[in-house]
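Engineer: Next up is a structure, given as structure tokens.
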Amino acid sequence: MRLINNQYTENDLLAFLKSTYLFNSLNEEILKAISSELEHLFLDKGDVLFMQGDQADAMYIVIKGCMEVSIIKQNYEGTILAHIKTGMPVGEMQILVGERRSATVIAIEDTDLIKIPKATFGKIADKYPEVFDHIAQIIRERLRYNQLSIFLSNFLNITEEDTLKDIAAQAEWVHLNRNDVLFQQGDQGDSFYILISGRLLSIVEEENNVKRTIGEVMPGECVGEMAVLTEDVRSASVHAARDSYLVKYSKKNFHKLIERYPQVLMRISNIVIDRLRKMSRSKQPIYTTKNIAIVSITTDFNLSDFTERLVSAISSRKSTLYLNSRKVESLLGIKQISRVSEDDPDDIRIEAWLDEQETKYELILYDTDMIPSFWTKRCLNRADEILLVIQAGSTPERGVIEKDVLDGMIGIAKISQYLVMLHKSQEPISSGIKQWLDKRPVENHFHVRWNNNDDFHRLARFLTGNAIGLVLGGGGARGFSHMGVIRALLEEGIPIDMIGGTSSGAIISGLYAVSLNYQDMIQKVKTYFNKVNPMKGFTLPIISLLKSKKTEEMLRLLSGNKLIEDLWINFFCVSCDLLRAETAVHRNGPAWKAVRASMSLPGIFEPVVYGRNLFVDGGVINNLPSDIMKSLCKGYVIAVSASPETKLKLDCEEMPSPWEVLFSKILPYRKPIHVPSIFDIIMCSSTIGSSYHFKNARSCADFFLHPPTDGYGLLDFSQIDDIAEIGYRHTKAKMNELKQSLRLAL
1169 MRLINNQYTE NDLLAFLKST YLFNSLNEEI LKAISSELEH LFLDKGDVLF
1219 MQGDQADAMY IVIKGCMEVS IIKQNYEGTI LAHIKTGMPV GEMQILVGER
1269 RSATVIAIED TDLIKIPKAT FGKIADKYPE VFDHIAQIIR ERLRYNQLSI
1319 FLSNFLNITE EDTLKDIAAQ AEWVHLNRND VLFQQGDQGD SFYILISGRL
1369 LSIVEEENNV KRTIGEVMPG ECVGEMAVLT EDVRSASVHA ARDSYLVKYS
1419 KKNFHKLIER YPQVLMRISN IVIDRLRKMS RSKQPIYTTK NIAIVSITTD
1469 FNLSDFTERL VSAISSRKST LYLNSRKVES LLGIKQISRV SEDDPDDIRI
1519 EAWLDEQETK YELILYDTDM IPSFWTKRCL NRADEILLVI QAGSTPERGV
1569 IEKDVLDGMI GIAKISQYLV MLHKSQEPIS SGIKQWLDKR PVENHFHVRW
1619 NNNDDFHRLA RFLTGNAIGL VLGGGGARGF SHMGVIRALL EEGIPIDMIG
1669 GTSSGAIISG LYAVSLNYQD MIQKVKTYFN KVNPMKGFTL PIISLLKSKK
1719 TEEMLRLLSG NKLIEDLWIN FFCVSCDLLR AETAVHRNGP AWKAVRASMS
1769 LPGIFEPVVY GRNLFVDGGV INNLPSDIMK SLCKGYVIAV SASPETKLKL
1819 DCEEMPSPWE VLFSKILPYR KPIHVPSIFD IIMCSSTIGS SYHFKNARSC
1869 ADFFLHPPTD GYGLLDFSQI DDIAEIGYRH TKAKMNELKQ SLRLAL
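For this note's numbering, count along the sequence shown from 1 and bump the result up by 1168.
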């Protein structure tokens, strides 16, 4: 690279600057101020202008020639982003935001160019702030245009630069604020869109004005194309979940593109078909959270320490950037820039820089300030999800950020909030989280022990859509096989991030959520099922065959008086609400009572009265709630069935009398008569309604286990060790297949 003097006159440079889109709207006084500090450079073919990672000290504009922009990714493979030709700038984004070069630029032919030092922009900003704001806006638009070109290349599978430019030129830019509506369900489909930055929600309005979110649209994805292709009305409404920029292609422009580039129609048609196939076949939903804002509600701990631990856990799964106000100012090299308002000229600098970071990283974690500052509001405005972090034992009163900022973020696209309670030790939870949850509209909560890395990794898996949920089905004594499954998973290092189940599956899942220890769990089960056998407490058969007191005594001994909210890992169980004739999902309240409701087989155990509702065994409707686990866990689901492959056995042509059955069992010279017991008949009758749900349960699971326990009866509670061993061996035999299925989460 050579510096050349007096190659061009001042008038030549002024005329050239006026011809560029970056400076063509500026008056001559300003252009003279810029041209007086220009440097003229010449690059021979193959010369490097700057390397990726170099400090940004200037921007350049090509007078004549051509340069190639490329980026080296983590796999050390180079990707060509663009070609810089006559009149085009390069390096301007780093001048605007003041960071290191994000790409390498090499001359692919002899190239004349001018250099505008970074200091010149500083002078312009001081003397002509409105001019700098104008230039910054143009630069930001170019960033979005570059993003569009990359998205079009990926979306349409087109690499020809001129074709991409032509397609991009047909687009109309659209900006939406949070909660703005792009189009309504029932509108005529007159255009389709590509999201460049932000996030959109697809919402369907059903009967009785009930609105249901059916999907989300993330940067690089299109929306509304189906209605354009079919010339039908919109099947759903689309709302902005946060501030978003899109490009719009009208039906008219779309038809122009098809005429010029027929492959565009074919590509979009294939995308629509692929999307429909994935919707019908995919078990694993795609969660594409981009920005997470972290808010400290209590002030007695260092938020950055928590976030750095969380970033460390997430980074092994996704490329992650951690930002707080201090880091932003350090990276941009501009004091107090993190705290500028939306009206400040420097606002566009930080917004442009943050937009660019979203193109580089899969996930960005923002620490807010401890007060409702401009930085705090910026973090929350850009957030897809919010973590509210509290210290165990602190006051549950709502913080100033919640009152002053979050309460104002209302609307259909309100941000999902999660509560994280930090614990200083491994001791059992003593300070309940319920009083915190009662005051906040959070979707989920997590307990994190400060000295337990597993808890940070569990939270990381939830935030990245890689959590592993274990759901256990009902089946009486056969449910002891679930303990063997848990043992095998723990031995193989497969984490259990959430657990839940029905009936006997609710007992085992609840006990694991309480203890998180296999040995402790199986010892308690063996002790209490033998000591307080709930199947021997017969009573006057008006409401049920068995008393409930023994069952409740056993469950209290197993789980104590812990609330579901205070268990170390997320737990749920299901029952059937008789009064409402629907599935009830228990996620709060006393764990023993929820399990008691889930296992209350109609006719055998008394129903549970709880909150003026009447609950019986969850197996009546849903004996294997994989669908519920999928919606709550937002990750991978392992489902374990404890129901027999074959149902009731009968080897006689008509039902014998009870005395005949009894004598066949006690008299050695009588042939045994095999008929279902009263428990078997009630069990099968009660759960037959959930049989139709079983196929759906299997389809919702990413991996399905069915230990072969058909040889054991519903009431074989004395066979705990043998049945648990069957679950263990079956899971071990399936382990390679299981790990392959969960490879992204492990």
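Yeah, the Cβ is synthetic: ideal placement off N, Cα and C, and Gly gets one too.
Predicted, not measured: the structure shown is a model, and the values here were computed from it.
Comparing C-alpha positions only, which one of R1494, V1479 and S1493 sits nearest to S1487?
Structural biologist: To locate residue 1487, count along the sequence shown from 1; it is residue 319. Comparing Cα-Cα distances from S1487 to each of R1494, V1479 and S1493, the minimum goes to V1479.
Engineer: I need the straight-line Cα distance from L1657 to N1620, nearest angstrom please.
Structural biologist: For the purposes of this step, residue 1657 is taken as the residue at position 489 of the sequence shown. For the purposes of this step, residue 1620 is taken as the residue at position 452 of the sequence shown. Roughly 19 Å separates the two Cα atoms.
Engineer: Please determine whether the Cβ atom of G1255 lies at a distance below 8 Å from any heavy atom of the ligand FMN.
Structural biologist: Among the ligands in the structure shown, none appear at all, so the ligand FMN cannot be discussed.
Engineer: Taking the Cβ atom as the reference point for each residue, do A1807 and A1762 lie within a distance shorter than 9 Å?
Structural biologist: Here the question's residue 1807 lines up with position 639 in the sequence shown. Here the question's residue 1762 lines up with position 594 in the sequence shown. In this structure, A1762 does not lie closer than 9 Å to A1807 by Cβ.
Engineer: For N1459, collect the residues of the same chain with a Cβ closer than 6 Å to its Cβ; drop the 5 residues on either side in sequence, then sort them by chain order.
Structural biologist: For the purposes of this step, residue 1459 is identified with residue 291 of the sequence shown, where counting begins at 1. Exclusion of the five residues before and after N1459 leaves I1532, R1550, A1551 and D1552 as the residues of its chain whose Cβ lies within less than 6 Å of its Cβ.
Engineer: What does the Cβ neighbour count give for N1634, buried or exposed, with the cut at 16 atoms within 10 Å?
Structural biologist: Here residue 1634 is taken as the residue at index 466 of the sequence shown, counted from 1. Answer is buried; the Cβ neighbour count reaches 16.
Engineer: Ignoring anything shorter than 3 residues or poking outside the segment 1290–1361, list the beta strand (DSSP E) runs there in chain order.
Structural biologist: 1340–1344 and 1349–1351
Engineer: For L1731, which residues does DSSP report across the bridge?
Structural biologist: Here the question's residue 1731 lines up with position 563 in the sequence shown. In the DSSP output, where bridge partners are listed per residue, L1731 has P1758.
Engineer: Starting from N1791, trace the alpha helix (DSSP H) in both directions and tell me its first and last residue.
Structural biologist: Numbered from its first residue, the sequence shown carries residue 1791 at position 623. Taken as a continuous stretch (DSSP letters only), N1791 belongs to no alpha helix (DSSP H), as it is neither H nor E.
Engineer: Starting from F1474, follow the alpha helix (DSSP H) in both directions and report where the run begins and ends.
Structural biologist: What you label residue 1474 is simply residue 306 of the sequence shown in a count that begins at 1. Residues L1471 to I1482.
Engineer: Does DSSP put N1243 in a helix, in a strand, or in coil?
Structural biologist: If you number the sequence shown from 1, residue 1243 lands on position 75. Low per-residue confidence applies at N1243: pLDDT is 45, beneath 50, and the placement is therefore not dependable, though the value from the model is reported in the following sentence. The three-state reading of DSSP puts N1243 in coil, since its state is none of H, G, I, E or B.
Engineer: As a quick exercise: from I1554, D1473 and Q1525, pick the residue whose alpha carbon is nearest that of Q1315.
Structural biologist: Here residue 1315 is taken as the residue at index 147 of the sequence shown, counted from 1. For Q1315, the nearest C-alpha among the options comes from Q1525.
Engineer: Enumerate, from N- to C-terminal direction, the unbroken beta strand (DSSP E) stretches of 3 or more residues contained entirely within the segment 1191–1264.
Structural biologist: 1207–1211, 1216–1218, 1226–1232, 1235–1240 and 1246–1252
Engineer: Just how far apart, CA to CA, sit N1738 and C1801?
Structural biologist: Numbered from 1 along the sequence shown, position 570 holds the residue referred to as residue 1738. Numbered from 1 along the sequence shown, position 633 holds the residue referred to as residue 1801. Computed Cα separation, rounded: 9 Å.
Engineer: If you measure between the beta carbons of V1406 and I1462, is that distance less than 9 Å?
Structural biologist: As a first step, residue 1406 must be located in the sequence shown, where it is residue number 238. As a first step, residue 1462 must be located in the sequence shown, where it is residue number 294. It is not a contact, given that the beta carbons lie outside the stated cut-off.
Engineer: So L1782 packs on L1747, CB below 8 Å; how close in whole Å?
Structural biologist: The residue given as residue 1782 occupies position 614 in the sequence shown. The residue given as residue 1747 occupies position 579 in the sequence shown. 5 Å between Cβ atoms; contact.
Engineer: Look at the Cβ atom of L1882, then the Cβ atom of G1644, and state whether they are nearer than 9 Å.
Structural biologist: Reading the sequence shown from its first residue, position 714 is the one you call residue 1882. Reading the sequence shown from its first residue, position 476 is the one you call residue 1644. Yes, Cβ-Cβ distance for L1882 and G1644 is below 9 Å.
Engineer: What separation, rounded to the nearest whole angstrom, lies between the Cα atoms of Q1242 and F1614?
Structural biologist: For the purposes of this step, residue 1242 is taken as the residue at position 74 of the sequence shown. For the purposes of this step, residue 1614 is taken as the residue at position 446 of the sequence shown. Confidence at Q1242 is low in this model, with a pLDDT of 47, below 50, so the placement of that residue should be treated as unreliable; the coordinate-derived value is given next. So the two alpha carbons sit approximately 33 Å from each other.
Engineer: With distances taken from CA atoms, which of H1898, F1624 and S1506 is nearest V1653?
Structural biologist: Looking up residue 1653 in the sequence shown gives position 485. Among H1898, F1624 and S1506, the Cα nearest to that of V1653 is on H1898.
Engineer: Taking DSSP's pairing of strands, which residues face C1741 in a bridge?
Structural biologist: As a working mapping, residue 1741 is identified with position 573 in the sequence shown. Answer is G1669 and H1754.
Engineer: From F1300 to V1805, what does the alpha carbon distance come to, in whole angstroms?
Structural biologist: Walking along the sequence shown from the start, residue 1300 turns up at place 132. Walking along the sequence shown from the start, residue 1805 turns up at place 637. In this structure, the straight-line span from the alpha carbon of F1300 to that of V1805 is close to 53 Å.
Engineer: Going by beta-carbon coordinates alone, are D1280 and L1209 separated by less than 9 Å?
Structural biologist: Here residue 1280 refers to the residue found at position 112 of the sequence shown. Here residue 1209 refers to the residue found at position 41 of the sequence shown. Yes; because the gap between Cβ atoms is below 9 Å, this pair is in contact.
Engineer: Taking all protein chains shown into account, decide if D1665 is buried (16 or more other Cβ within 10 angstroms of its Cβ) or exposed.
Structural biologist: Taking the sequence shown and counting its residues from 1, the one referred to as residue 1665 is at position 497. It is buried - the Cβ of D1665 has at least 16 other Cβ atoms within 10 Å.
Engineer: Tell me whether the beta-carbon of D1734 lies closer than 9 Å to the beta-carbon of G1600.
Structural biologist: Residue mapping note: residue 1734 aligns to position 566 of the sequence shown, counting from 1. Residue mapping note: residue 1600 aligns to position 432 of the sequence shown, counting from 1. Yes, they are a contact pair.
Engineer: Measure from the alpha carbon of T1381 to the alpha carbon of each residue in R1566, L1368, G1392 and A1810, then state which is nearest.
Structural biologist: As a position in the sequence shown, residue 1381 is number 213, starting the count at 1. Answer by Cα proximity: L1368.
Engineer: Let me know the secondary structure DSSP gives A1409 once reduced to three states.
Structural biologist: Within the sequence shown, residue 1409 is the residue found at index 241, counting from 1. Residue state, collapsed to three classes: strand.
Engineer: Candidates K1379, F1422 and I1426: which alpha carbon is nearest A1404's?
Structural biologist: As a working mapping, residue 1404 is identified with position 236 in the sequence shown. K1379 is the residue among K1379, F1422 and I1426 whose C-alpha sits nearest the C-alpha of A1404.
Engineer: State the Cα-Cα distance for the pair N1179 and I1198, rounded to the nearest angstrom.
Structural biologist: Position 11 of the sequence shown holds residue 1179. Position 30 of the sequence shown holds residue 1198. Their backbone Cα atoms lie some 14 Å apart in a straight line.
Engineer: In the DSSP assignment, find the beta strand (DSSP E) that holds Q1585 and state where it starts and stops.
Structural biologist: The count along the sequence shown starts at 1 and reaches residue 1585 at position 417. Where Q1585 is concerned, the enclosing beta strand (DSSP E) stretches over S1584 to H1591.
Engineer: Inspect the beta-carbon positions of A1560 and L1587 and report whether they are closer than 9 Å.
Structural biologist: The residue you call residue 1560 lines up with position 392 of the sequence shown. The residue you call residue 1587 lines up with position 419 of the sequence shown. Cβ distance not < 9 Å, so A1560 and L1587 don't count as in contact.
Engineer: To which residues does DSSP link Y1804 through a beta bridge?
Structural biologist: Your numbering for residue 1804 matches position 636 in the sequence shown. Note: Y1804 sits in a beta bridge opposite I1636.
Engineer: If you compare alpha carbons, which of F1871, I1306, D1537 and S1541 is closest to K1902?
Structural biologist: The count along the sequence shown starts at 1 and reaches residue 1902 at position 734. Considering only F1871, I1306, D1537 and S1541, the residue with the shortest C-alpha distance to K1902 is F1871.
Engineer: Output yes if chain D places a C-beta closer than 9 Å to the C-beta of A1807; else output no.
Structural biologist: The structure shown contains no chain D; it is built from a single protein chain.
Engineer: Given a threshold of 16 other Cβ atoms within 10 Å of its Cβ, counted over all protein chains shown, does W1736 qualify as buried or as exposed?
Structural biologist: The residue labelled residue 1736 in the question sits at position 568 within the sequence shown. Classification for W1736: buried.
Engineer: Does I1248 pass the burial test, meaning 16 or more other C-beta atoms within 10 Å, or should it be called exposed?
Structural biologist: Locating residue 1248 in the sequence shown gives position 80, counting from the first residue. So I1248 ends up on the exposed side.
Engineer: Take I1516 as the anchor and find which of E1298, S1832 and T1188 has the nearest alpha-carbon.
Structural biologist: For the purposes of this step, residue 1516 is identified with residue 348 of the sequence shown, where counting begins at 1. Nearest of E1298, S1832 and T1188 to I1516, Cα basis: E1298.
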